[in-house]
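Just below is one structure, and these are the notes that go with it.
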Amino acid sequence: MPLHGSRRRFLVQTAGALASLGLGGCGESPLTMRPRKLVGGFAGPSFERGHRLRDLASIPPADEFRKTDVAIIGGGIAGLAAARALQHGGVDDYRLFELEDAIGGNSRAGEVAGFVCPWGAHYLPLPGPSAEDVADLLNELKLRKLVDGRPQYDERHLCHAPQERLYLPEARVWQDGLLPVHGQDEATLAQYRRFAALVREQSQPGQFAIPTSRARWDASLSALDAETFANWLDRHALTASALRWYLDYCCRDDYGAGIDTVSAWAGLHYFASRHGFHAPGEDGEDLEQNLTWPEGNHWLASRLAAPHRERTQTGAITLRISEAANGVDIDVLDAGSGRVTRWQAQRVIVATPLFIAARLLADPPEALKKAEKTMAYSPWLVANLHVTAPLDARHDQPPLSWDNVIYGSTGLGYVNAMNQSLRSHDGPTVLTCYRAFGDDAEVGRKALLSRSWQDWAEVLIAELAPAHPDLSAKLGDIRIARYGHAMAIPTPGIRSSAWLAALAEPQGRVAFAHADLSGYSVFEEAFDRGLRAGISTAKALRKL
């Protein structure tokens, strides 16, 4: 089994998986020799729309002109949070423009074979003391309330048991929890304890927080941000293969890239900002509680979007943002009609990834140019596999859980879309599989966008076959979503960069609002950045 997720491992395992299926080079594809016919296709976002920005010369000039006080570019969590902040701040003349036909960004959802399932983020950890604004949102949505001063959550929306399990191919067993414990020797367990102690040592009050804007940044965090997590582990002699695999999995799951790619700050932030790390037998070993829904975080996105429907335009491709004497001009192409409208706004909130923002602004600030050149983005694949009958299971092993991971796998496992169901028996379901390609993003992006959906389906089936040899015979519909630039990767130096701090402040009439401003992508960061941009924009309008 691999020690950790390096670029070499990504290339070898992905190439090996494809080559084993006859997909790595020339010759006849095994697609013509399959004993079964796969049913499915691509779904999710349309990367072709974003690529239209590369060919502006073919787009007609604006033939309609309209005005609004604020234009919000991007309907992901940050854009929706900005709209919410504007509304709460007394601003009612705003428009939100979303590239895709549905809002949500990385919190989209859909249906496969009648089952609601996520196309992206699928859970929200219970907010800690720093995430006050997220807690307020959950109160507003009646997911949370205070009882005798303590938070109480609606149990219908808390992740149901069983929550997590890990498949160990060599032992051919499932174990409870994702930290490898079954069959580990005392030397490995001792490293678990040592890493837990180091996390506690690093967890000084105020240093690690979600959202990161609430953290107290200092020289010690800058030092952690300057090296890779793998290098930090090497310096602390944390070499146990099971520990390295687990930490690599956690980083790929949250950041889209492994320990050789992300910074030591990011690797430690994963644990120190939330629930810590607990070795087997230590207090606090219980699972962190999460809020989750069959459609994933789209449950939250749809409720954030509801108050702004009349002010939201989907299928809207923003072409250009130019500051003018009396405001900001925004050219927007309607994907359906092909017509371009020029909007003039007093202020604009750009809630897109920073590399997109750099292409949209006619005169981007130097900090944004630096971000475009420096930030790396992880491609992601999300696949929803309809399983027509319960998968075989041994009675002496943990049952199908919410989160199911295979030790040593390149993929990130799968989530059971029916885990929140109250049905009393096993039955058909949808398994949502995740795979990140950030350890070599350019290679991964090319493979992601060039391979057919059948090719990727075969890779996923082969990956899950050791744990589920009956999966192939029970497969129904397979739908695959591709995200070429799903999330910013917190590589060394990103979080502590001066240009990232500069972009967190309004630039003239333009405010930026995206999780990129935190150096990585989770719901809390996107919500915080959108909220801040909305509040500052509302204040600026009141001063006019």
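Here the sequence shown is numbered in my numbering, starting from 2 and rising by one per residue.
Note that beta-carbon positions come from the ideal geometry of N, C-alpha and C, so glycine has one too.
Here the structure is a predicted model, which means the values were calculated and not measured.
Beta-carbon gap between residue i and residue j smaller than 8 angstroms
| i | j | result |
| --- | --- | --- |
| V351 | F513 | yes |
| Y250 | V383 | no |
| L542 | R348 | yes |
| H158 | W294 | yes |
| P79 | A368 | Going by the sequence as given, residue 79 is Ala instead of Pro. Not a contact, by the Cβ cut-off of 8 angstroms. |
| G257 | A437 | yes |
| A372 | A359 | yes |
| L413 | R253 | yes |
| V478 | A72 | Here the sequence assigns Asp to residue 478, which means Val is not the residue at that position. Contact: no. |
| F272 | L239 | no |
| P365 | A390 | no |
| A317 | L100 | yes |
| Y154 | L144 | yes |
| S264 | P491 | yes |
| R446 | R312 | no |
| H183 | Q176 | yes |
| A231 | A534 | no |
| L225 | I260 | no |
Residue range of the alpha helix (DSSP H) that includes residue i
| i | result |
| --- | --- |
| W454 | 454-465 |
| D235 | 230-236 |
| K146 | Taken as a continuous stretch (DSSP letters only), K146 belongs to no alpha helix (DSSP H), being part of the beta strand (DSSP E) at 145-148. |
| T538 | 524-543 |
| W381 | Note, W381: premise wrong, no alpha helix (DSSP H); beta strand (DSSP E) at 378-388. |
| T189 | 187-203 |
| V135 | 133-141 |
| E373 | 367-375 |
| D330 | D330 -> not in any alpha helix (DSSP H); beta strand (DSSP E) instead, spanning 328-335. |
| D226 | 220-226 |
Classification of residue i by the beta-carbon crowding that lies within 10 angstroms, buried from 16 upward
| i | result |
| --- | --- |
| A363 | exposed |
| S379 | buried |
| L465 | buried |
| S221 | exposed |
| F98 | buried |
| V92 | buried |
| F66 | exposed |
| V416 | buried |
| A325 | exposed |
| G509 | exposed |
| N385 | buried |
| R530 | buried |
| V523 | buried |
| C27 | Because the pLDDT at C27 is just 36, under 50, the model does not fix this residue reliably, and the value given afterwards should be weighed accordingly. So C27 ends up on the exposed side. |
| G77 | buried |
| N298 | buried |
| N327 | exposed |
DSSP-derived helix/strand/coil call for residue i
| i | result |
| --- | --- |
| S264 | strand |
| Y256 | helix |
| C251 | helix |
| Y484 | strand |
| L450 | helix |
| V174 | strand |
| A16 | A caution first: A16 carries a pLDDT of 46, below 50, which makes its placement in the model too unreliable to give a value. |
| E65 | strand |
| V92 | coil |
| L362 | strand |
| I479 | strand |
| A110 | strand |
| R151 | strand |
| I168 | The sequence given here places Tyr at residue 168; Ile does not occur at that position. Reduced to three states, the DSSP call for Y168 is strand. |
| Y408 | coil |
| L81 | helix |
7 angstroms CB neighbourhood of residue i in its chain, flanking five on each side removed
| i | result |
| --- | --- |
| L142 | R304 |
| Q88 | P308 |
| T538 | V71, L87, R348, I350, A512 |
| P36 | For P36, the predicted model reports a pLDDT of 47, less than 50, meaning its position is unreliable; a value from the coordinates is still stated below. Excluding positions up to five away in sequence, the list is empty. |
| T69 | D94, Y95, R96, W344, A346 |
Limits of the unbroken beta strand (DSSP E) element including residue i
| i | result |
| --- | --- |
| Y435 | 430-437 |
| K475 | First-last for K475: undefined, no H or E at that position. |
| D397 | Looking at the DSSP string, D397 is not in any beta strand (DSSP E), and its letter there is neither H nor E. |
| A346 | 341-351 |
| N291 | 291-293 |
| S323 | 317-325 |
| R310 | Counting along the chain, R310 falls outside any beta strand (DSSP E), and DSSP gives it neither H nor E. |
Beta-carbon proximity list for residue i, same chain, < 8 angstroms, skipping 5 on both sides
| i | result |
| --- | --- |
| R201 | G277 |
| S422 | P295 |
| G178 | E165, R166, L167, L288 |
Other residues of its chain near residue i: CB distance less than 6 angstroms, five sequence neighbours each side excluded
| i | result |
| --- | --- |
| I481 | F43, A384, W454, W457 |
| G75 | A352, T353 |
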